[in-house]
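At the far end of the sequence shown sits residue 731, using full-length UniProt numbering, and the numbering has no gaps.
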Amino acid sequence: TPTSRIYCWSNKSWSSTGTTIYSSRLNPTYGTTCSSSSNPCRSSAPSSSAYRRIHRHGGPTSVPDLVAALNLPAARLPQLRRLMRMLAFSCIFTRQTSEAAAGGEEEDLYGLTPTSRLLVDDAGGRRSLAPFVRSMFDPVMMAPSLRLGDWFKEADGIATPFEALYGSNIWGLTSRNPEFNAAFNEGMAADGRFIMDVVVRKCGHVFCGLRSLVDVGGGTGAAARTIVEAFPDVKWSRDCRQTGPWNLSRAAFPLGTIDGPVDFVAGSMVERVPPADAVMLKWILHDWDDEVCVRILQKCKEAIPSREAGGKVIVVEQVIGSSPEEKSTEMQHFFDVWMMILTGGRERDEQEWCKIFTEAGFSDYKIAATLGLRSVIEKHGRVELLEQQIMEQYWVDDDLLIAAQSDLWNHLFVFLKSMSLKCAVELGIPDAIHRHGGPTSVPDLVAALNLPAARLPPLRRLMRMLAFSRLFTRQTSEATAGGEEEDLYGLTPTSRLLVDDAGGTRSLAPFVRSVFDPVLMAPSLRLGDWFKAADGIATPFEAVYGSDIWDVTSRNPEFNAAFNEGMAADGRFIMDVVVRKCGHVFCGLRSLVDVGGGTGAAARAIAEAFPGVTCAVLDLPQVVQGLPADGPWVLHDWDDEDCVRILRRCKEAIPPREAGGKVIVIEPVIGSSPEEKSTAAQLFIDMWMMIQAGGRERDELEWRKIFTKAGFSDYKIVATLGFRSVIEVYP
């Protein structure tokens, strides 16, 4: 094997202590940079630690054992049961029921799936992707996604929502935030080690015969060291140290930055790349727009010998649509929006890659294999694409590994679907398509929404992702004379619910806006801290704001208005359905009290459908005094003890069963629907209640227990309406 040299080509940067080089991503504009540092429930600290604890336990583990192993407060046991239940339903963990011990109860046991197995550190940190997951959920990274809608509307020339929020691009911020810088680089290093282990095993021929290799944006050298370990004959070559600008002086950088055959080099990749047999770009090009990518690739091409002499560029990136797996393609669309938010870069399909390679002067490319999500580009002066596969040596089922990797990334970036939905509602896209009278092109949407013309390309990408997620339909129009084909986007049954075409009485857009209010979003990012705290604070919401949600609504008029408008929209929607589908529930009634009924929209819907029923409304003062808040959800806001107290008061207010007395409850009953999506919604809302109000969703057994404790004699689930049910409870 020829003696070889590997360079880690980075913009020079130091940590605040002067002992570490951080440069997982490079800034071609400023020449120097410092890279720094579901779904939030899916990344909470207890669940993150649970991966390791289950692994160390040696098999499926009970929640009480997890509480003990994780050293969590005993009071968090019920909440951890709910978190684990939701994660198991999402296929992050397995779930099985153990046999009851003598005098005991059955206990659910949770085990690792191929997905959660990827988050276990059992090889000195080399194989775990947990640091990558943590870095992606850093609040610094999450916050800009909440501003996506505002960024679309602004004509200020700001390149990204990240820059709009922080006043500088991600590279400028990382250089000023050592904590974020460290977390970010740890995440990138974890991903680099992981993917390069796969590349070396599956695509080792790429590196055969090389004498030198430059890893552009190689950060702390994790990927380069992986290559060196896989090819032990690769040695340090002093001959490669002679050219000045890339030479890394031991005097300028701490000891250890020149490590065996790996040499850390500082510079700007759009100015010059050190000469070598091959140049590797691992997850770099997706950070930049097409123009910068072409400049980078041109410099890489200048650094390598001719195709005949074995020169090659190796690129590890994604190719949208290259995988036959729908989850892989969906993740690629999520990640494309993520790049749009954070860096102004993008993921690309094959046609877009072909255009860039051609403009950079490459002669050819080839998609050699599809093995997952990302790609490796190489081959003697031409470009060859290989998709990433998640692989561990003790796993042999390639299909299982690919599915696990796709599943993990989808769990990680699924929040971008929610953020994109939020953006679409804030921009009024469903209304604009409805007013257009049918499928609408993106240029027409830009005009109808009065968006800056510069937002046309980003809006194309947003709509592409939302269509793939089935929020909109997508079809291609015929090209006009001298023009190009244009994608047209139409409404689906889901997005139709977001259209206001009946005076606001049918649209669920206010509900979507209220759920995505930053006041409600922030506590979910603190879920892990709340689990670990033994301070007796009831909810993550209270941990963030110092009081419960009801007190915050009383002190924050803007949030109160948005929250109540959202609840009113949902209340009007579901009560229209209840009256039509379950009208018999109200037949024969002479009077009805709507507990938590706001200003009475739900009660009015009942009164209009049943003129003989006299309706009254009971709600909080700040709700009743002029603010609409109509919703059937009440009991899920409270714990079991409070629910029993509320139901007892309701029982006191009604006549005996023989006289027609009853309580009508409209709430989710977990597991009542045969539809998996409905059960998933119930479990997600259960997490939402735990975070915001300290309440919960319940299965039928839990409802029965509450009804019995409150003194009721019987109940009946009258109907199941999606994820909610109508329950009659009899005294």
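Ideal placement from N, C-alpha and C gives every residue a C-beta, glycine not left out.
Item checked: Where the alpha helix (DSSP H) containing SER725 begins and where it ends -> From DSSP, SER725 is part of no alpha helix (DSSP H) but of the beta strand (DSSP E) over 724-730.
Next item on the list: Could you tell me which of GLY187, GLU667, TYR715, ALA183 sits nearest to GLN682, measuring between CA atoms?
Entry: Comparing C-alpha distances from GLN682 to each of GLY187, GLU667, TYR715, ALA183 shows the shortest one belongs to GLU667.
Item checked: Opposing strand residues paired with ASP487 [DSSP bridges] -> The partner list for ASP487 (beta bridge, DSSP) reads THR476.
Check: Exposed or buried, what is LYS716 when buried is set at 16 or more other beta-carbons lying within 10 Å of its beta-carbon?
Finding: Only exposed fits LYS716, as fewer than 16 other CB atoms lie within 10 angstroms of its CB.
Next item on the list: Just mark ASN185 as buried or exposed, buried being the case when its beta carbon has 16 or more other beta carbons within 10 Å.
Entry: Looking at its Cβ environment, which holds 16 or more other Cβ atoms inside 10 Å, ASN185 is buried.
Next item on the list: Using alpha carbons as the reference points, say which of GLY149, VAL519, ALA659, GLY58 lies closest to ILE341.
Entry: Checked all of GLY149, VAL519, ALA659, GLY58; the closest Cα to ILE341 is GLY149.
Next item on the list: Compute the Euclidean distance between the alpha carbons of residue 770 and PHE152, then round it to the nearest angstrom.
Entry: Summary: the structure shown does not reach residue 770, with the chain confined to residues 1 through 731, and so no result is reported for it.
Item checked: Chain-order list of residues whose beta-carbon lies under 6 Å from that of LEU592 (same chain, five-residue window excluded) -> Once the five neighbours on either side are set aside, the close Cβ partners of LEU592 are VAL613, CYS615.
Item checked: Ordered list of beta strand (DSSP E) runs contained in the UniProt domain "O-methyltransferase C-terminal" (527-626), each at least 3 residues -> Correct list: 591-595, 614-618.
Notebook entry, point to check: Is the number of C-beta pairs between the region 213-228 and the region 271-285 that are closer than 8 Å three or more?
Noted result: Counting C-beta pairs with one atom in each stretch, the region 213-228 and the region 271-285 have three or more that are closer than 8 Å, which means they touch.
Item checked: Coil, strand or helix - ASP197 by DSSP -> The three-state reading of DSSP puts ASP197 in helix, counting H, G and I together.
Notebook entry, point to check: Going by DSSP, what residues sit across from TYR166 in a beta bridge?
Noted result: Bridge partners of TYR166: none, in fact.
Checklist line | Contact the region 352-364 vs the region 151-167: 3+ CB pairs below 8 Å | finding: Counting C-beta pairs with one atom in each stretch, the region 352-364 and the region 151-167 have fewer than three that are closer than 8 Å, which means they do not touch.
Next item on the list: Give me the Cα-Cα distance between MET136 and TRP338, rounded to the nearest whole angstrom.
Entry: Looking at the backbone, the Cα of MET136 and that of TRP338 are separated by about 10 Å.
Notebook entry, point to check: Given LEU647, which residues of its chain have a CB within under 6 Å of its CB, disregarding the five upstream and five downstream residues?
Noted result: Annotation for LEU647: ALA710 place their beta carbon closer than 6 Å to its own, counting only its chain and skipping 5 residues before and after.
Notebook entry, point to check: Three-state secondary structure (DSSP) at PHE406?
Noted result: According to the sequence shown, residue 406 is Ser rather than Phe. The answer is helix: DSSP assigns SER406 an H, G or I state.
Next item on the list: Thinking TYR489 and MET465 are a contact (beta carbons under 8 Å), I'd like their distance in whole angstroms, please.
Entry: Here TYR489 is actually not in contact with MET465; their C-beta atoms are around 11 Å apart, not less than 8 Å.
Margin query: Given a cut-off of 8 Å on the beta-carbon distance, is the pair ASP686 and ARG82 in contact?
Written below: The answer is yes: Cβ separation under 8 Å.
Note to self: Per the DSSP calculation, ILE646 is bridged to which residue(s)?
What the structure shows: Partner(s): none; ILE646 has no beta bridge.
Checklist line | Per DSSP, cross-strand counterpart(s) of THR61 | finding: THR61 is bridged to TYR110.
Note to self: With DSSP as the reference, identify every bridge partner of GLN96, one or two as the case may be.
What the structure shows: Paired residue(s): LEU109.
Note to self: With a threshold of 8 Å, are at least 3 pairs of Cβ atoms found where one atom belongs to the region 160-169 and the other to the region 538-554?
What the structure shows: Too few Cβ pairs lie closer than 8 Å, so no.
Notebook entry, point to check: Could you give the distance in angstroms between the alpha-carbon of ALA360 and the alpha-carbon of GLN96?
Noted result: Each residue's alpha carbon lies about 55 Å from the other.
Check: Relative to the C-alpha of GLY694, which residue among LEU70, TRP550, VAL726 is closest?
Finding: Per the C-alpha coordinates, the member of LEU70, TRP550, VAL726 positioned closest to GLY694 is TRP550.
Item checked: Per-residue DSSP class, three states only, for VAL294 -> Three-state DSSP puts VAL294 in a helix.
Check: For PRO443, does the count of other Cβ atoms within 10 angstroms reach 16, so buried, or fall short, so exposed?
Finding: Counting the other CB atoms within 10 Å of its CB gives PRO443 a total below 16, which places it among the exposed residues.
Check: Quick one: Cα of GLU387 to Cα of ASP364, how far?
Finding: Because the pLDDT of GLU387 is 35, which lies under 50, any placement of that residue in the model is unreliable, and the number read from its coordinates should be weighed accordingly. Taking the straight line from one Cα to the other gives about 18 Å.
Notebook entry, point to check: With which residues is VAL669 paired in a DSSP beta bridge?
Noted result: Partner(s): ARG698.
Notebook entry, point to check: In three-state DSSP terms, what is LEU72?
Noted result: Of the three classes helix, strand and coil, the one that applies to LEU72 here is coil, per DSSP.
Next item on the list: Using alpha carbons as the reference points, say which of VAL663, LEU77, SER514 lies closest to VAL64.
Entry: With the sequence shown as reference, residue 64 is identified as Pro, and Val is not the correct amino acid for it. Per the Cα distances, LEU77.
Item checked: Proximity to ILE314 [Cα-Cα], best of ALA276, ARG134, SER145, GLU486 -> Of the residues ALA276, ARG134, SER145, GLU486, the one whose Cα lies closest to the Cα of ILE314 is ALA276.
Next item on the list: Run the CB neighbour count on ALA74, radius 10 Å, all protein chains shown included, and call it buried at 16 or more, exposed below.
Entry: When all chains shown are included, ALA74 counts as exposed.
Next item on the list: Determine contact between the region 314-331 and the region 402-415, defined as no fewer than three beta-carbon pairs at a distance below 8 Å.
Entry: With a cut-off of 8 Å, the region 402-415 and the region 314-331 count as touching, because enough Cβ pairs lie within range.
Margin query: Within the continuous beta strand (DSSP E) that includes ASP263, where are the two ends?
Written below: Per DSSP, ASP263 belongs to the beta strand (DSSP E) from 262-266.
Checklist line | Extent of the continuous beta strand (DSSP E) run through LEU721 | finding: Counting along the chain, the unbroken beta strand (DSSP E) around LEU721 starts and ends at 714-721.
Checklist line | Burial state of HIS636 (16 or more Cβ within 10 Å) | finding: Buried, since its Cβ has 16 or more Cβ neighbours within 10 Å.
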